[in-house]
Each structure stands twice: as structure tokens, then as C-alpha cells.
Amino acid sequence: MNLSFEQLKSMVVFAHVVEQGNLTAAAKHIGLSRAVVSYHIKKLETHLGVKLLNRSTRSIVLTEAGAEYYHSCRIIAEQANTANQQIENLKNEPEGLLKITCPVNVGLQMVVPALSDFRCLYPKINLDVMLTDEVVNIIQEGIDLAIRGAPLPDSGLQASKLSTLPTCLCGSPNYFKKRGRPLDPTDLEQHEWVEYKMTSGVIELKKGSRSYSVAVKGGISTNNAAARTAFLEGGHGLGRIPVYDALPKIQAGTLESVLDDYQLKDIDIYGVFPPGSAASKKLRLLIDYLKEYFIKIDRQTQNAMPNIRR
Numbered sequence: 001m002n003l004s005f006e007q008l009k010s011m012v013v014f015a016h017v018v019e020q021g022n023l024t025a026a027a028k029h030i031g032l033s034r035a036v037v038s039y040h041i042k043k044l045e046t047h048l049g050v051k052l053l054n055r056s057t058r059s060i061v062l063t064e065a066g067a068e069y070y071h072s073c074r075i076i077a078e079q080a081n082t083a084n085q086q087i088e089n090l091k092n093e094p095e096g097l098l099k100i101t102c103p104v105n106v107g108l109q110m111v112v113p114a115l116s117d118f119r120c121l122y123p124k125i126n127l128d129v130m131l132t133d134e135v136v137n138i139i140q141e142g143i144d145l146a147i148r149g150a151p152l153p154d155s156g157l158q159a160s161k162l163s164t165l166p167t168c169l170c171g172s173p174n175y176f177k178k179r180g181r182p183l184d185p186t187d188l189e190q191h192e193w194v195e196y197k198m199t200s201g202v203i204e205l206k207k208g209s210r211s212y213s214v215a216v217k218g219g220i221s222t223n224n225a226a227a228r229t230a231f232l233e234g235g236h237g238l239g240r241i242p243v244y245d246a247l248p249k250i251q252a253g254t255l256e257s258v259l260d261d262y263q264l265k266d267i268d269i270y271g272v273f274p275p276g277s278a279a280s281k282k283l284r285l286l287i288d289y290l291k292e293y294f295i296k297i298d299r300q301t302q303n304a305m306p307n308i309r310r
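Going by full-length UniProt numbering, the sequence shown opens with residue 1, and the numbers climb by one from there.
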């Protein structure tokens, strides 16, 4: 028995009649007149040579054949709806270019993997990614999103908080062999430091109701976070670094954390963008995706860190 286009329409109508409970409700649901719905049911029954429904004024009752046939009709209707939704998604799929800038270290370790996954989800969105530890003029460079460690108050730009990165104090095993391990915040002033120029040069710690603020100095300073971490691994001093950066080095044995029972100031990460850009669908999608991605990374980091701190 050949299946015609008209029969497919009738099968979908039949599925709606069963699901809505009567012809009138089904007609209203699919935007047809009751007479047209009734016509489709009668035509289907004639074509199949069996009665599908026992109809009364207000309701319908499936026959045995109708109940069996409905399951196939329902699958066809669902597949048709799915196909329509897929086309609608393609029509509404965001596309175009997003220009993004972020610091090198957090970019390579966290942002680039997130952007890679994001591009798999939205292949029509092209990405232009600039990794630099220098502050880029977003407006002049035409940047859509800058990922930074501060919202840049009074800049006229908009910002959305993406994540909070916990930090820890670290040094290499060789450094601790030479200089000893600090046991108290007051010991920190006696140590060498690898300074990161993008921070204030002051280490703030807290334990219970007591707070400490320690001005640090050392023989090495750099504006690059990856270089800072490399100098720490080389045994040139202590440094405060994000836990996500410290974690693989501690696991590898090239760094050890100290004063773990003290709370350090976290680093808030913001997505900074030009005024009015929040209306861009593709930018909103990216910001929301980065927030969820960073939450996942934070969970993984928090689960692993207590087991490896020394």
C-alpha cells in the first residue's frame, strides 16, 4: 500500500485528534476547521478499510486498530515537529564575528578550551582571539569581549562577572630547601618574591577575625603570568597564583603551596564589552557559556586541591 502525501497529513491530523480528545479541540489546536478534521479521519478510515475511532458528540474512543495505528502516527508527527524545529534553529542560528581579548595565561589554560567547545556548538560564529597581558583599547580595536581581572570602573564600558578564581601562595621545593617554609604571614616579608606587575604588590591574608597585609618585593618582576609561574618553578621566590595555574604544577611536584589555612584574596574575572553590545545574541551566548564553563572548572579545581596541598 503506497503512502501518499495526503495520507501523511491525515495521519498527523489523526494523532492530534487522539491527543486532544475530540475533533473540535484538535481542529482548534492545529488551525483547521472541524469539518476538515472530520474529512481527514473519514478519508483515512476509508483508505485503510478499518474504523479508527468511535465518535460521540463530546469525545472519541479508539478502536483496537485505532490504538495500534495511533502509535505510528504519533511518531510521524513528532518527527515532523523535530524537523521543523531543526530548520527553525538553523534560521535563528547566531552567526558573524566575535573579537575577544584576554590575558595569555588564563587564555591558554581556560578561555581557549572554552572557546573551542563554544565554536563546536555554534560553528557559524567566527572567533578572532587576541592573547595579551596588556590592556587593549576595546573601542579602538573593535573588541567585542575583553576578559579581565577587573571591571574597569568609570571606563564607560559594561562588564559581566564571569568567575571568581581562588588563589594560593606557592614556591618550588628547591626554594623551600634554601630559604625554609613560611609558617606565619609575618614570615613572608623575609622571603624573595616573583612579582607580577598586573597586581598591586601587596599580599592580603585572613584567618578568622585576623587580617594581614604584606608588601612583597623581589629580584624578578614580569608582566606575563606564565613567565611568573616559570620563575616560581625555577626557585626564584614565592608568588600568589590562581589555583587553576598551581594545580598541575603541584601535582607534578614543581611547586608546593604554603599557608593553606589562610584565606587569600580571590581574583574576580569579568567580561568587559562596549556599551550596547549586550543586545548582541552571539555575545550573550558566549558570556553565558563562559560562566557555565568556569563553574565546571571551579568545581573540578576545588575537588582536587585539598588532596594535593602540602
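Every residue gets a Cβ at the ideal spot worked out from N, C-alpha and C, and that includes glycine.
Outcome for residue i when other beta-carbon atoms lying within 10 angstroms are tallied against a minimum of 16
i, result
"E45", "buried"
"H16", "buried"
"A225", "buried"
"P103", "buried"
"T167", "buried"
"K51", "exposed"
"D184", "exposed"
"I143", "buried"
"R299", "exposed"
"H71", "exposed"
"T101", "buried"
"G271", "buried"
"V129", "exposed"
"V13", "buried"
"S172", "buried"
"K296", "exposed"
"L283", "buried"
"residue 312", "There is simply no residue 312 to check, as the chain begins at 1 and stops at 310 in what is shown."
Start and end residues, alpha helix (DSSP H) containing residue i
i, result
"R119", "V112 to L121"
"V36", "R34 to L48"
"T24", "L23 to I30"
"I139", "I138 to E141"
"L232", "A225 to E233"
For residue i, the nearest candidate out of the options (CA to CA)
i, options, result
"K99", "G180, A246 and E141", "E141"
"P248", "T229, H236, D261 and Y262", "T229"
"I287", "Q190, Y175, V111 and S213", "V111"
"Y244", "K42, R181 and G107", "G107"
"E204", "E192, L188, G218 and G219", "L188"
"K178", "L238, H47, D298 and Y196", "L238"
"Q109", "P242, D184, G234 and L232", "P242"
"F176", "Q20, I87 and E256", "E256"
"S221", "T199, K207, V214 and Y212", "T199"
"A114", "G96, I147 and N137", "I147"
"G235", "D133, A67, I125 and N174", "N174"
"I30", "A159, A77, G149 and T63", "A77"
"T132", "G149, G49 and A83", "G149"
"T254", "A83, T82 and C170", "C170"
Inter-residue spacing [alpha-carbon to alpha-carbon] between residue i and residue j
i, j, result
"M11", "L127", "45 Å"
"K161", "V135", "18 Å"
"A25", "I60", "11 Å"
"K28", "R34", "8 Å"
"A227", "Q79", "55 Å"
"L121", "I139", "28 Å"
"A65", "L53", "9 Å"
"S209", "L232", "30 Å"
"L145", "S280", "11 Å"
"K197", "N223", "5 Å"
"Q190", "Q263", "20 Å"
"I125", "P275", "21 Å"
"N81", "E68", "21 Å"
"C73", "L290", "42 Å"
Neighbourhood of residue i by C-beta distance below 6 Å, restricted to the same chain and skipping five residues each side
i, result
"S163", "I269 and F294"
"Q20", "A26 and H29"
7 Å Cβ shell around residue i - same chain, five flanking residues per side excluded
i, result
"D266", "T164, L165, P166 and T167"
"G218", "E192, W193, V194, E195 and G237"
"N22", "R58, S59 and I60"
"D261", "K207"
"E6", "none"
Residue span of the beta strand (DSSP E) that contains residue i, given as start and end
i, result
"M130", "I125 to L131"
"P166", "From DSSP, P166 is part of no beta strand (DSSP E); its letter is neither H nor E."
"Y244", "Counting along the chain, Y244 falls outside any beta strand (DSSP E), though it belongs to the alpha helix (DSSP H) covering V243 to A252."
"T101", "G96 to C102"
"K206", "V202 to K207"
"R55", "L53 to R55"
"R148", "L145 to R148"
Sequence-distant residues of its chain with Cβ nearer than 8 Å to residue i (five each side left out)
i, result
"V202", "S213, V214, A215 and V216"
"K9", "H40"
"S211", "E204 and L205"
"R119", "I125 and L127"
Short CB-CB distance (under 8 Å) between residue i and chain C
i, result
"P242", "Absent from the structure: chain C. Only one protein chain is present."
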